[in-house]
Structures are given as C-alpha cells and as structure tokens.
Amino acid sequence: MITDYAVQFNHKLNIGVATIVFNWIIRKCASHWSYDGKITKLNILTYHRVGESYSAKNPKSIYWDLFKQQIKWLNKYFTVLPLPLALELQARNELPPRAVCITIDDGYRDSYDFIYKTLLDEGITGAFFISTQGLIKGGLWDEEIYAAIFNAPDEVTELYLQGKLFDISSFEKRVDVRYQLVESTKYLPLKQREAAVESIKQQTQFNKTIDKFLSAEQIKEMHASGMTIGAHTHSHPILNKESNSVALLEIKQSKEILENIIEQQVEFFAYPNGKYEQDFNAQHVEMVKSLGFKAAFSTDWGILSDQKSEGYKIKRFTPWDETELRFALRLALNYRKK
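Going by the working numbering, the sequence shown opens with residue 10, and the numbers climb by one from there.
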C-alpha cells in the first residue's frame, strides 16, 4: 500500500515538474522570438463568434468555457496589452516581451455577453471591430441566412439558389447547407448578395426580425470600460467586389456611425474577411488612410514588426488548440513568422 502511494506521488511529482519546466520553456522561447535583437514583435489575436456552449447548429464557433480558458492562458504566458498602447510601443520598438493584443470582429451580441465580460473579469482590454448595419437590422447577412434555414418549416425541404438545389430535409443537412450558402454568397457584390439572402428568406418563409447584434448602449458601455471600438465597414462586403465609390462609402459610414455612438474618433479599421489582394487591395488601403485611421488589420496570419510598411494591413492570428500547452506553444511560434 505504501509502495503504491509512493509510486502515485512520484508520478504526480514528475508530471508537475515536467509542466513547470515546459511552461518555463514556452515563456523563454516566446520572449526570445518576440524580440530578434533589433525589433520588438506584436502578436494580435482575432476572434469572431463565441457561443455560450457547443452548438451543433454552429460547430465552428468557439464556446465560452474554452474562450475563458484561452484568455487565462494568455494572461499566464504572455503580456496582454490594449491595442492603442501596443501599437505606440511597437512603433518605438519598446514592446515588452511576449506582447499580445486581442481583437474581435463583426459585433454580434456574444461580443458583449461572453467576450467583453470575460475580458473584464480577467482585467484586460480588447478591440472590437463592428459592422454597423447590424445595429439597424439586428444582425448581418450571414445571421439572416442562419436564422432563415434553421427556422424553416419542416415541409420546406429544398432551396434553390444560383442554379443549385440544396437539400434541407434534415437538421444535419441544414447545418451543412448553411455553411455552403454563406460561402457561396460571401463573394457576391452587395446588391446580388442582398437579393440572394432575400430569396433564401422567401423560400424558407422567414419574415422575423433578428436580434443578435450589439446595441448602441452596449457599445457605449464597452468603450467607457476601456475597450477599443473600431470600424469594420457598414454591410460587411468584400471590398474587392465593390466599386471604389461603394467601398469608400462602406468604410466611411461605419466610422461615422460609431463615432456618433462613442463620441470619440474611431482610429482603427479591420477589413471584412481580410485577406490582402483576395478581399481588399492597395486602393482600399489608401481609402483607409485618407479617412484618418491610424492603423488597419487583415486576417492574414502573422505578426506585426514594421508599422511603416504593414501598418494598414496588419496581420493577425489565433491558435485553435483546446489544450493549454499546445495553445501557448502555437502562439509563441507565431512570433517567428513575418
């Protein structure tokens, strides 16, 4: 019996020692990789939706318990900074080791219910990039598709869109078709996308108002609590699919609406979908500059090391791992990217 206890104790001790050593290694490596002897580097994480719990309707969304764990891991291994401060320090090459910022795109209600409240609990701030049409409609176009499909009557078993027939005769098929339709309509110009969404709503007999977005009062509260509020266009279009006049209006409208809400300049912008050249181009970068933004963010993976060349298409990243050490290690390794 004593021998068994001794074996168990030694086993737990070995695991504990190994964990401490591995934690130290991750911090040491992240500190080394975040400063190459000349330049301090900034890791910027990007999130979108966070669900209260795992949902079969939306299996690709991160759930709240995991998000809370990830924020705790960030606080444990890295130095989490407010976005404006981090950009100022990086420009002066004065970032602390393992510097990280948190950004959240789109502006859905879960940004307030789960993300904002978690950040407050952990004593850190994030930057929220908001597509302002959601304030008017209660959600963006993708949420309209989601609501239409999952609220369709059982007798509606098919959808026809863009020359294709989609089977929605079961729950599993509706989950799959929802993602297919979002992807197939994402790259349509705004007017065509609006027509496609309206067709889906008519075929599914969906005529309800959705209520899934942040309110102006919630945005005010978040801003007053130290969160950064940034623009993300008005209707969340793919800028490369729009004329220059429409693209400029989309960026400008989002900025102005948010400035009226928070009664302060909106200084940062995130490109919808966010892949440079695929989703936006150099002309859109110049538009963002002309409107007075201080920096803008893509969804291309990488780190920020040079604001002079990359300050208006700053790369971001989010580890997808669900275990602590893998999450921390993957984020640490991201400092090695360009």
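Where a beta carbon is used, it is the ideal one built from N, C-alpha and C, also for glycine.
Would you identify the three-state DSSP class for Lys264, choosing helix, strand or coil?
One-based indexing of the sequence shown puts residue 264 at position 255. Residue state for Lys264 is assigned as helix, using DSSP reduced to three classes.
Using 9 Å as the threshold, is the C-beta distance between Ser307 and Tyr280 below it?
Mapped onto the sequence shown, residue 307 falls at position 298. Mapped onto the sequence shown, residue 280 falls at position 271. Result yes, Cβ atoms of Ser307 and Tyr280 sit closer than 9 Å.
Can at least three beta-carbon pairs, one atom from the stretch 293 to 311 and one from the stretch 256 to 264, be found at a separation below 8 Å?
At 8 Å Cβ cutoff, the stretches touch.
Taking the Cβ atom as the reference point for each residue, do Leu92 and Thr49 lie within a distance shorter than 9 Å?
Residue 92 sits at position 83 when you count from the first residue of the sequence shown. Residue 49 sits at position 40 when you count from the first residue of the sequence shown. In this structure, the beta-carbon distance from Leu92 to Thr49 does not fall below 9 Å.
Provide the residue span of the beta strand (DSSP E) that contains Thr308, from first to last.
Within the sequence shown, residue 308 is the residue found at index 299, counting from 1. First-last of the beta strand (DSSP E) with Thr308: Ala304 to Trp310.
For Pro162, count neighbouring C-beta atoms within 10 Å of its own C-beta (all shown protein chains included) and say buried if the count is 16 or more, exposed if not.
The residue labelled residue 162 in the question sits at position 153 within the sequence shown. That one is exposed.
Nearest to Gln78 (by Cα), restricted to the options Glu203, Leu342, Arg335 and Asp114
Your numbering for residue 78 matches position 69 in the sequence shown. When each option's Cα is compared against that of Gln78, the closest is Arg335.
Just confirm the distance between the C-beta atoms of Ile113 and Gly148, as a whole number of angstroms; I'd bet it's less than 8 Å.
Counting from one through the sequence shown, the residue named residue 113 turns up at place 104. Counting from one through the sequence shown, the residue named residue 148 turns up at place 139. Not confirmed; about 16 Å, so no contact.
Measuring straight from C-alpha to C-alpha, what distance separates Arg325 and Leu267?
Position 316 of the sequence shown, counted from the first residue, corresponds to residue 325. Position 258 of the sequence shown, counted from the first residue, corresponds to residue 267. Arg325 and Leu267 have their C-alpha atoms roughly 23 Å apart.
Considering only the alpha carbon of each residue, which of Ala204, Tyr56, Asn32 and Lys81 lies closest to Ser70?
Taking the sequence shown and counting its residues from 1, the one referred to as residue 70 is at position 61. Nearest C-alpha to Ser70 among Ala204, Tyr56, Asn32 and Lys81: Tyr56.
Leaving out five residues before and five after Arg202 in sequence, what residues of the same chain have Cβ atoms less than 7 Å from its Cβ?
Position 193 of the sequence shown, counted from the start, is the residue given in the question as residue 202. Setting aside the 5 residues that flank it on each side, Arg202 is surrounded in the same chain by Trp150 and Thr194, each with a C-beta closer than 7 Å to its C-beta; the list follows chain order.
Who does Leu313 pair with in a DSSP beta bridge?
As a position in the sequence shown, residue 313 is number 304, starting the count at 1. Under the DSSP definition of a beta bridge, Leu313 partners with Leu51.
To which residues of the same chain is Phe123 closer than 6 Å at the C-beta, ignoring the five residues directly before and after it?
By 1-based counting over the sequence shown, the position of residue 123 is 114. Excluding its 5 nearest sequence neighbours in each direction, Phe123 has C-beta neighbours in its own chain below 6 Å: Val59 and Trp73, listed in chain order.
Since Arg325 is in the beta strand (DSSP E), which residue starts that stretch and which ends it?
If you number the sequence shown from 1, residue 325 lands on position 316. For Arg325, the enclosing beta strand (DSSP E) covers residues Ile323 to Arg325.
What's the C-alpha gap between Ile323 and Ile80?
One-based indexing of the sequence shown puts residue 323 at position 314. One-based indexing of the sequence shown puts residue 80 at position 71. If you draw a straight line from the Cα of Ile323 to the Cα of Ile80, it comes to about 22 Å.
Specify, as a first and last residue, the run of the beta strand (DSSP E) that Ile177 falls within.
Here the question's residue 177 lines up with position 168 in the sequence shown. From DSSP, Ile177 is part of no beta strand (DSSP E); its letter is neither H nor E.
Sufficient close CB pairs (3 or more, under 8 Å) joining the stretch 225 to 238 to the stretch 84 to 98
The stretch 225 to 238, when compared against the stretch 84 to 98, does touch it at the 8 Å Cβ threshold.
For my contact list, Val186 and Leu168 are in at a C-beta cut-off of 8 Å; report their separation, rounded to the angstrom.
Here the question's residue 186 lines up with position 177 in the sequence shown. Here the question's residue 168 lines up with position 159 in the sequence shown. Between Val186 and Leu168 the beta-carbon gap is near 7 Å, inside 8 Å, which marks them as a contact.
State the Cα-Cα distance for the pair His41 and Phe31, rounded to the nearest angstrom.
Stepping through the sequence shown from its first residue, residue 41 is reached at position 32. Stepping through the sequence shown from its first residue, residue 31 is reached at position 22. Between the C-alpha atoms of His41 and Phe31 there is a straight-line separation of about 15 Å.
Taking the alpha-carbon positions, what's the Ala15 to Trp329 distance?
Reading the sequence shown from its first residue, position 6 is the one you call residue 15. Reading the sequence shown from its first residue, position 320 is the one you call residue 329. In this prediction, Ala15 scores a pLDDT of 48, lower than 50, which makes its location untrustworthy; the coordinate-derived value is nonetheless stated afterwards. When rounded, the separation of the alpha-carbon atoms in Ala15 and Trp329 is 38 Å.
Any idea what DSSP makes of Glu97, helix, strand or coil?
Position 88 of the sequence shown holds residue 97. In the structure shown, Glu97 sits in a helix (DSSP, three-state: H, G or I).
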